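Residue numbers (our numbering): 2 to 204.
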């Protein structure tokens, strides 16, 4: 009788052990299963998110590349030969300028367009497309005034960044004023230069 009870106890113990192991294995398998499900869902979501942003960026780039830009600026005559604009500065009509762009990597020319100033010495030049990573400058070509025809050093060109990929939302870009320098300063420049405290020998 005692032996039967002992064997019966061992049998029950073995069944409990097998059940416990099966339960633990089932739980572990369930954890692994749901972990794999979570990994799969995460991968799908990330792939779709990346694809969405890629499409948005591509659409923006295509739209930007097809929209023209406008570059505006002024051309002046440095009548006092001081290297900057003064009250005696005059603005030149019919001055010729150009926009020239080149590759930032190869430095090969990629785009060129010319323009002419109006009666106020202002120009507006249409650039047909976004220039992306190109390096672009507005450059003086020719002055209409033979007495003020020499490009002023440091004011003969103006760098412009012609892309919307840098956060710019406007289609109009402004270049710094560029100037030619007069052969001889005007008589009224002495008083003007004194106001700026520029020595006469620098004129």
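No residue lacks a Cβ here, since even glycine has one placed at the ideal position from N, Cα and C. Here the structure is a predicted model, which is why all the values come from computation and not from measurement.
CB of residue i within 9 Å of CB of residue j, strictly
i	j	result
residue 83	residue 190	yes
residue 1	residue 122	With the chain running from 2 to 204 in the structure shown, residue 1 is simply not present.
residue 156	residue 140	no
residue 102	residue 136	yes
residue 134	residue 105	yes
residue 175	residue 73	yes
residue 70	residue 130	yes
Classification of residue i by the beta-carbon crowding that lies within 10 angstroms, buried from 16 upward
i	result
residue 127	exposed
residue 154	exposed
residue 173	exposed
residue 144	buried
residue 107	exposed
Coarse secondary structure for residue i, derived from DSSP in three states
i	result
residue 132	coil
residue 192	helix
Residues near residue i by beta carbon distance below 6 Å, same chain, minus five either side
i	result
residue 194	none
residue 60	With a pLDDT of only 42 at residue 60, under 50, the local geometry of the prediction cannot be trusted, and the value read off the model is given with reservation. The answer is none, since no qualifying residue turns up.
residue 110	103
Beta-carbon proximity list for residue i, same chain, < 8 Å, skipping 5 on both sides
i	result
residue 113	99, 100, 101 and 102
residue 197	83 and 87
residue 120	94
Same chain, Cβ closer than 7 Å to residue i, neighbours up to 5 away in sequence not counted
i	result
residue 132	102, 112, 163 and 164
Any contact of the stretch 81-101 with the stretch 139-159, i.e. 3+ C-beta pairs under 8 Å? With a cut-off of 8 Å, the stretch 139-159 and the stretch 81-101 count as touching, because enough Cβ pairs lie within range.
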